[in-house]
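Below is one structure, written out as structure tokens; comments come after it.
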Amino acid sequence: MSEGHKVKVTIMFRGRESAHPELGKKILDRIVERLEDVAKVESAPKIDGRNMIMVLGPDKKAKAKPTESSKAVEDHVVPSGAEVSLEEG
840 MSEGHKVKVT IMFRGRESAH PELGKKILDR IVERLEDVAK VESAPKIDGR
890 NMIMVLGPDK KAKAKPTESS KAVEDHVVPS GAEVSLEEG
């Protein structure tokens with residue numbers, strides 16, 4: 840994101856997990872909260888089949904250390920056993 844790229848965050852629900860999309864929304868909200876100094880939401884979380892998708896873009900105003908924020912998200916936001924894929928593009 841520090842280079843101006845957008846990030847697509849996808850949460851894949853398996854089996855009966857799709858019955859609780861509010862839990863996926865909580866995970867995405869925590870990601871946004873931790874990255875609020877370097878990113879902004881470009882596309883709000885929405886469900887596409889068995890996936891919940893959100894797009895983040897760089898925040899033009901703030902120039903913080905994105906590597907520390909990104910590492911914090913990987914270490915603290917995603918619970919163990921959850922599948923989350925991040926695509927930069």
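Take 840 as the starting number for the sequence shown in the numbering used here and just add one per residue.
In this text, a Cβ means the ideal position worked out from N, Cα and C, and glycines have one as well.
- Per DSSP, reduced to three states, the secondary structure at K845 is coil, with no helix or strand assignment.
- Of the residues E872, K845, D876 and I850, the one whose Cα lies closest to the Cα of R889 is I850.
- V880 has L895 as its beta-bridge partners, per DSSP.
- About 13 angstroms separates the beta carbons of G896 and E875, which is beyond the 8 angstroms limit, so they are not a contact pair.
- The beta carbons of D898 and V877 sit about 6 angstroms from each other, so the pair counts as a contact at 8 angstroms.
- Around the beta carbon of G863, 16 or more other beta carbons sit within 10 angstroms, so the residue counts as buried.
- Counting along the chain, no alpha helix (DSSP H) covers E875, and no H or E run does either.
- Assignment of K885 by DSSP, reduced to helix, strand and coil, places it in the strand class.
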